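Below: the structure, in structure tokens.
Numbering (the working numbering), first residue to last: 11 to 312.
Encoded structure:
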């Protein structure tokens with residue numbers, strides 16, 4: 011009885027022991043099971059929330075956005091076609107176009123069919139440009155005919171070739187208006203008059219051939235014009251007199267054209283020299299111009 015009731019002295023912690031440490035307790039197996047299950051759930055949650063495990067992100071690669079070029083960023087770039095063509099002069103543009111047409115014949119055909127026809131003034135202006143180059147190539151001062159000829163030969167041949175190329179453009183049946191054909195021939199003949207007359211005959215063959223070709227062109231246009239209205243426009247336009255002056259200035263080298271004019275408008279009172287016969291004042295042409303053709307003829311003193 012005394013043993014059961016004997017008081018036991020209390021046990022106090024040592025002053026050097028950590029009072030925060032609680033006495034060890036035995037944990038139940040249920041507690042260990044819950045702790046392991048919670049730790050596993052936390053690990054699964056971390057894996058689920060990680061970027062590597064996201065299906066939306068794993069299905070595509072993360073690409074860095076490209077840097078957009080701002081409007082104020084200067085970079086080198088070639089000129090556009092309209093701006094490039096603005097920098098080319100006529101000679102450069104013609105050279106480029108000729109090369110393209112040579113490599114692509116179909117483009118050349120489109121240019122021929124689509125380009126406007128040259129006018130009389132534009133063609134004569136181009137020929138006058140060739141004449142200016144010929145005059146500029148001539149040597150200064152006194153020089154021999156041989157030296158002068160070989161000095162200007164290239165520009166002279168260029169002018170003759172251009173004249174030979176442009177003249178058929180203004181002849182029938184390409185040119186159907188006789189007045190335009192005659193205007194071109196008038197200007198072209200005036201240019202031929204300006205070609206130099208060298209003393210040796212060997213150096214004058216270019217000019218002689220030009221006169222021969224232009225005379226044939228005059229005759230062709232005159233014959234075609236005579237088929238329309240009997241050639242009234244040849245005489246009324248003064249072309250017979252114009253041709254007569256050209257023939258005189260050429261030294262009679264346009265005899266073929268003069269013959270064609272005389273054969274077609276001779277009935278109008280115009281002779282080969284372009285002068286009118288006063289005796290033919292009552293010719294059909296003069297009656298047509300004055301409006302008297304077909305008027306009633308007065309008979310008797312009244």
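The beta-carbon is built from N, C-alpha and C at its ideal position, and this holds for glycine as well.
Just so it is clear, the structure is predicted and the values come from calculations on it, not from any experiment.
Exercise. Do the region 200-219 and the region 147-160 make contact, defined as three or more Cβ pairs closer than 8 Å?
Worked result: yes
For this session: Could I get the ranges of all uninterrupted alpha helix (DSSP H) runs contained in the region 152-178, with 4 residues as the minimum, in chain order?
Result: 155-176
For this session: Can you tell me which of 85, 135, 106, 83 puts its alpha carbon nearest to the alpha carbon of residue 91?
Result: Taking the first residue of the chain shown as 1, we reach residue 91 at position 81. If we check each option's Cα against that of residue 91, 106 comes out closest.
Problem set entry | Spatial distance of residue 265 from residue 195 (CA atoms) | Looking up residue 265 in the chain shown gives position 255. Looking up residue 195 in the chain shown gives position 185. Going by the C-alpha atoms only, they are around 15 Å apart.
Exercise. So does the region 169-189 actually touch the region 107-121, counting three or more Cβ pairs closer than 8 Å?
Worked result: no
Exercise. If you drop the 5 nearest sequence neighbours on each side, which residues of the same chain put their C-beta closer than 8 Å to that of residue 149?
Worked result: On the chain shown, position 139 is the one that residue 149 refers to. 157, 158, 161.
Exercise. With 16 other CB atoms within 10 Å as the buried threshold, where does residue 192 fall?
Worked result: The sequence position of residue 192 within the chain shown is 182, counting from 1. Buried, because 16 or more other Cβ atoms sit within 10 Å of the Cβ of residue 192.
Problem set entry | Continuous alpha helix (DSSP H) stretch holding residue 268: start and end | On the chain shown, position 258 is the one that residue 268 refers to. Residue 268 -> alpha helix (DSSP H) spans 265-275.
For this session: Give me the Cβ distance between residue 198 and residue 165, rounded to the nearest whole Å; I'm assuming they're in contact under 8 Å.
Result: Mapped onto the chain shown, residue 198 falls at position 188. Mapped onto the chain shown, residue 165 falls at position 155. At roughly 17 Å, the Cβ-Cβ gap does not stay under 8 Å, so residue 198 and residue 165 are not in contact.
For this session: Return the chain-ordered list of same chain residues with a C-beta closer than 8 Å to the C-beta of residue 238, the five sequence neighbours on each side being excluded.
Result: Residue numbering aside, residue 238 sits at position 228 when the chain shown is read from its first letter. Within the same chain, residue 238 has close Cβ partners 188.
Exercise. Nearest to residue 212 by alpha carbon, out of 251, 247, 163, 225?
Worked result: Here residue 212 refers to the residue found at position 202 when the chain shown is read from its first residue. Selected option, being the one with the closest Cα: 163.
For this session: Label residue 131 either buried or exposed according to how many other C-beta atoms from any shown protein chain fall within 10 Å of its C-beta, with 16 as the threshold for buried.
Result: Here residue 131 refers to the residue found at position 121 of the chain shown. Label assigned to residue 131: exposed.
Exercise. Whose C-beta lies closer than 6 Å to the C-beta of residue 236 among residues of the same chain, with five residues either side of it excluded?
Worked result: Along the chain shown, one-based indexing puts residue 236 at 226. Counting only Cβ-Cβ distances below 6 Å, and skipping sequence neighbours, we find 274.
Problem set entry | For residue 117 and residue 263, the rounded distance between their alpha carbons | Against the chain shown, residue 263 aligns to sequence position 253. Against the chain shown, residue 117 aligns to sequence position 107. Their backbone Cα atoms lie some 42 Å apart in a straight line.
Exercise. Do residue 244 and residue 268 have their C-beta atoms within less than 8 Å of each other?
Worked result: Taking the first residue of the chain shown as position 1, residue 244 is located at position 234. Taking the first residue of the chain shown as position 1, residue 268 is located at position 258. The answer is no: Cβ separation not under 8 Å.
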